[in-house]
Structures are given as structure tokens and as C-alpha cells.
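Going by my numbering, the sequence shown opens with residue 118, and the numbers climb by one from there.
Don't be surprised by glycine CBs; every beta carbon is placed ideally from N, CA and C.
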Amino acid sequence: MSELLIRGRLLTFIEEPKGIDDTASYLTVDDGAVLVRDGKIAAVGDYAEVSKGASAGVEVADHRPHLILPGLIDTHLHFPQTQAIASYGAQLLEWLNTYIFVEEQKFAEPEHAAFIAGRFMDELLSNGTTTAVAYCSVHPQSVDAYFTAAEQRGMLMVGGKVMMDRNAPDALRDTPQKGYDETKRLIGKWHGRGRAHYAISPRFAITSTPEQMEMAQALVAEHPDCHVQTHLSENKDEIAFATSLYPQAKDYTDIYARYGLLTDKMLLGHCIYLSDREISVLAETGAVGVFCPTSNLFLGSGLFDRDRFDKLGARWSVATDVGAGTSFSMLETMDEAYKVLHLQGQRLSPLNSFYRMTLGNARALGLQDRIGSLHVGADADIVVLDSSGKSAMELRMRTAKSLTDELFILQTMGDDRCVAQVYVAGKAMKGRKAVTAKRTLEVA
Ligand code: GUN
Ligand code: ZN
Numbered sequence: 118m119s120e121l122l123i124r125g126r127l128l129t130f131i132e133e134p135k136g137i138d139d140t141a142s143y144l145t146v147d148d149g150a151v152l153v154r155d156g157k158i159a160a161v162g163d164y165a166e167v168s169k170g171a172s173a174g175v176e177v178a179d180h181r182p183h184l185i186l187p188g189l190i191d192t193h194l195h196f197p198q199t200q201a202i203a204s205y206g207a208q209l210l211e212w213l214n215t216y217i218f219v220e221e222q223k224f225a226e227p228e229h230a231a232f233i234a235g236r237f238m239d240e241l242l243s244n245g246t247t248t249a250v251a252y253c254s255v256h257p258q259s260v261d262a263y264f265t266a267a268e269q270r271g272m273l274m275v276g277g278k279v280m281m282d283r284n285a286p287d288a289l290r291d292t293p294q295k296g297y298d299e300t301k302r303l304i305g306k307w308h309g310r311g312r313a314h315y316a317i318s319p320r321f322a323i324t325s326t327p328e329q330m331e332m333a334q335a336l337v338a339e340h341p342d343c344h345v346q347t348h349l350s351e352n353k354d355e356i357a358f359a360t361s362l363y364p365q366a367k368d369y370t371d372i373y374a375r376y377g378l379l380t381d382k383m384l385l386g387h388c389i390y391l392s393d394r395e396i397s398v399l400a401e402t403g404a405v406g407v408f409c410p411t412s413n414l415f416l417g418s419g420l421f422d423r424d425r426f427d428k429l430g431a432r433w434s435v436a437t438d439v440g441a442g443t444s445f446s447m448l449e450t451m452d453e454a455y456k457v458l459h460l461q462g463q464r465l466s467p468l469n470s471f472y473r474m475t476l477g478n479a480r481a482l483g484l485q486d487r488i489g490s491l492h493v494g495a496d497a498d499i500v501v502l503d504s505s506g507k508s509a510m511e512l513r514m515r516t517a518k519s520l521t522d523e524l525f526i527l528q529t530m531g532d533d534r535c536v537a538q539v540y541v542a543g544k545a546m547k548g549r550k551a552v553t554a555k556r557t558l559e560v561a
């Protein structure tokens, strides 16, 4: 049996905060502790109480005065785009053709895929993200690289090979049958192995023929416990192109609805230009709209209308969308989310931001029993945040008067420098020696 006592200021959410000061929505303990036993949370609460339940001589990781939260969760990004962040100038369709469909071809090479997968996981960890939902490339070997790198680090990761059989270079196209067969084989190999979760991933309506959509429909029906992910309504040219390819559909959302893809396992990236009818369809089916603020600003795509999602009762989550997204940091992502909503006269409270990065995103994935909050029996995925991680923050923190002040400073000014430590299933990951495919490096 292995045990670790993690000591610091605890913050974990119980419910979605209803307002700027909804103190009933979270639990905080000034001198708190999490007792980790064999990778799971065995006890959580006051240090004085929790420490009594630990074995004599238990190792104590004392992180006071830092904040201890559940590991952060990113619900949409692209692992093969790790080296394509900051590609200049283009909007979505031109950006895909000019940069992304070139970059993703490199993932036919297993060595390259393994190297980037390792660096990708370490980037997530150094930013405090312990679970993410990623698209791999069309190549099954990219999925093997992705889940192998996650398994080596013990991470709970969701992902899958993109299915795409048109409107892309030859080297990135599968066929309806090949996309089905490869996905089926990868689900058999990875889904439920250790902490791996497979996501059936038709890239978007533009790159899948109706025949491929039918195959995706079959996969979803055969594997109802797998997540499903695609892109929806990100850019006006994209919407016009997608709907022209499916003239029978009422609108873009209806394309996916017609193939039975909209369930509470579905994650729909972007969802910027949806009508009330479309958002209502998401609400009825439980499908989740994924808000990707840095990406939506970077590609000039548009502004996610959170209030309309809330008003119509549709679920939404937050994500980086690397590599259209410009940062692996969920803190930086929430900073941009705040601004995107502000531009529309909407407010995102600091409590809601931290709820979204943790329990909110876990609920969007249906994984709230395992991750997203500090509760007994959960997996011990934990992040330690230093609110004075940068000198300007240290100065600003001197005037902070409340927890919400502190959280807002963290979200507005913070980045990976504020991540003092991150634990995956109770193992400290920052500062360890990480072996990647090509070299050993000190993880930042
Ligand atoms: N739509 C289809 N593929 C992609 C992608 O890789 N990134 C973004 N932002 N949108 C997409
Ligand atoms: Zn995306």
C-alpha cells in the first residue's frame, strides 16, 4: 500500500456556483489535507483530522500556503497540432489547408507521433491539466502513441483517431470502411485499458461523406459508452460549405442529428453561430457545446454565446483547442473566456471559472465520479496552484481580500508558472525525470 498526505489550502466544488459569492457551491479548508492511498483519495478535510487516519511515518507533501484543487480538465484539443500553434494569418478553412493538413501528415511516422505525444502530455501536466479530450490524426499509430504516452504517466485521457474521407489531402484520407475498421480496432485495443477512454471522432461534416457518417453512426450505436467528438458551427464559410454538402439537413446541427450522433456523450467544438433551434436540440439530447475562447479569437471565428446556452438549458464546457488555441493553460483559457463573454455583456465569475475547469468539465464528460472534485474514492488527480507564481502576481496578491479575488488574479494573470505541483493518481509529476521517445528531459 502506498500513502501520501498532501497538505495545503483545499478548494473543491460541490455544485455550479449560482453567483459571484455562492459560498455553498464549494468546500474550502485553510489548513487542509488530502490523504492518497494507492492512487485514490482516501480522506479529505482538515489536516488535523485527516492526518490521524494516515499510517505512522506517512510522507507529507506540505504545499502551504498554496491552493490544492482537483486536476484541471481540457475538453477539446488536437495533439498533432502541438507544433502548429501560432501559425499566422488565416481563418479556419485556409488555416486547416495551409498548416494543419500539412502538419498532421507527419503523424504517419510512429517515432514522430511518440515524440510529440510525450511532449504533449508533459505540456498538459506542467499547466496543471490532468485529463484532456484530444483528437489524434487519421493514423491509428497516432492513437497508439497518444494512449501509450498517457499510460506511461498514469493519466486519464480521452481521445481517438479522426475519421476523414474527403476534402483533405490523399495522405490524410481514410474511407468509410477503413475509418470504421480502424476505429473499431482501436476501441478494442484501448477503451477501458487502464484509464484510457476512446472518443469516436468524425472530424466534421466537411471532411466526412454521408457514407462515413453512417459508419460513425454504427460505431456510436455499437459503443454507447465511448465519447464522440466533432466540430460544429465555428466559422461562417465552414457553415456554408458544410450545409451545402448536406442539402437535406435543416441546418448544421441537423447533419449530426440525422446520423444519431447527438447524445450526452457528444462534445461539439465551438458552437458559435447556432440558432435557438439548434441549441434546443443540444439541450434535448444532452450534447455539450465546447467553448474554445483562445482558438475562437486566434482564428477570428467569433464569440461563444454562453447566456443563450444557459437560457435554453444546453450543456457547455471549456477547452483550449490547441493548436488553433494558443495556450495549453486552462488559466489563460479562462482569462480569454472572461473577455469573450465580457464583449457580449456577459459575466463569468471567478468561482464559475474554477468550477468549469474542474467539476463542470468532469460533468460534461460524465466522469464526475472519478475526476473533477476532491472526494473520497475519486482518483487522486490534483493540482497545486501558487497565486504568487509571477512577481506581478505576488504584488497584486498583497491587495487581495477574498478567495474570489485570489481566483480572479490566478485566472487573469496566471499560467504554468503558477502550477507548483501536479499529481496524477497520487504521483507528483512536476520536476520528475520524464523519458520521451527521443531524449530524457527535466519536466518544467
Ligand atoms: N474544424 C475541423 N478541424 C478542425 C481543427 O483541427 N481545428 C479547429 N479549430 N476547427 C476544426
Ligand atoms: Zn478542434
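Could you tell me if residue i is buried or exposed, where buried requires 16 or more neighbouring beta carbons within 10 angstroms of its beta carbon?
i	result
Met118	exposed
Thr140	exposed
Arg302	exposed
Pro286	exposed
Tyr143	buried
Pro364	exposed
Asp191	buried
Ala359	buried
Arg312	buried
Leu128	buried
Arg515	exposed
Pro410	buried
Ala357	exposed
Arg126	buried
Lys135	exposed
Leu512	exposed
Gly174	exposed
Thr380	exposed
Ser519	exposed
Pro293	buried
Pro182	exposed
Thr145	exposed
Gln329	buried
Arg549	exposed
Asp486	exposed
For my contact list, residue i and residue j are in at a C-beta cut-off of 8 angstroms; report their separation, rounded to the angstrom.
i	j	result
Ala335	Tyr369	Incorrect: roughly 22 angstroms between the Cβ atoms, too far for contact.
Arg432	Ala481	6 angstroms
Gln565	Gly440	As shown, the chain starts at 118 and ends at 561. That puts residue 565 outside it, with no answer to give.
Asp393	Leu349	So it is not a contact: roughly 15 angstroms between Cβ atoms.
Ile123	Ala150	6 angstroms
Gly531	Leu476	Contact doesn't hold; Cβ gap of about 19 angstroms is too wide.
Ile158	Gln200	In fact, because the Cβ distance is near 36 angstroms, the residues do not count as touching under 8 angstroms.
Gly245	Gly188	7 angstroms
Cys343	Ala316	6 angstroms
Tyr562	Val279	In this structure the chain extends from 118 to 561, so residue 562 is not present and cannot be described.
Gly414	Gly406	Here residue 414 is Leu; the residue named in the question, Gly, does not match the sequence. At roughly 17 angstroms, the Cβ-Cβ gap does not stay under 8 angstroms, so Leu414 and Gly406 are not in contact.
Phe471	Val435	Their Cβ separation, rounded to whole angstroms, is 11 angstroms, which puts Phe471 and Val435 out of contact at 8 angstroms.
Could you check where the alpha helix (DSSP H) with residue i kicks off and where it finishes?
i	result
Arg236	Pro227 to Ser243
Phe415	Pro410 to Phe415
Ala167	The question names Ala, but residue 167 in the sequence shown is Val. From DSSP, the alpha helix (DSSP H) with Val167 extends over Tyr164 to Val167.
Asp298	Pro293 to Trp307
His314	Looking at the DSSP string, His314 is not in any alpha helix (DSSP H); the run it does join, the beta strand (DSSP E), is His314 to Pro319.
Ala400	Asp393 to Thr402
Phe264	Pro257 to Arg270
Leu420	Neither: Leu420 is in no alpha helix (DSSP H) and is coded neither H nor E.
Asp452	Met447 to His459
Ser470	Pro467 to Tyr472
Glu211	Leu209 to Trp212
For the beta strand (DSSP E) containing residue i, list its first residue and its last residue.
i	result
Ile185	Glu176 to Pro187
His492	Counting along the chain, His492 falls outside any beta strand (DSSP E), and DSSP gives it neither H nor E.
Arg480	Counting along the chain, Arg480 falls outside any beta strand (DSSP E), though it belongs to the alpha helix (DSSP H) covering Asn478 to Ala481.
Glu120	Glu120 to Phe130
Leu152	Tyr143 to Arg154
Tyr540	Val536 to Val541
Ala251	Thr246 to Tyr252
Gly277	Val275 to Gly277
Arg432	Arg432 to Val435
Any Cβ of chain C within less than 9 angstroms of the Cβ of residue i?
i	result
Glu166	Judged by its chain identifiers, the structure shown contains no chain C, having just a single protein chain.
How do the segment 508-516 and the segment 195-210 stand: do at least 3 beta-carbon pairs fall below 8 angstroms, yes or no?
Contact fails: fewer than three Cβ-Cβ distances are below 8 angstroms.
Is the segment 491-503 touching the segment 541-551 in the sense that three or more CB pairs, one from each, lie closer than 8 angstroms?
yes
Given 8 angstroms, three or more beta-carbon pairs between the segment 449-459 and the segment 467-475
yes
Whole runs of the beta strand (DSSP E) within the segment 494-534, excluding any shorter than 3 residues
499-502
Where are the beta strand (DSSP E) runs, 3 residues long or more, that stay fully inside the segment 316-394, in chain order?
344-349 and 383-387
I'd like to know if the segment 236-254 and the segment 265-276 are in contact, where contact means that at least 3 CB-CB pairs between them fall below 8 angstroms.
yes
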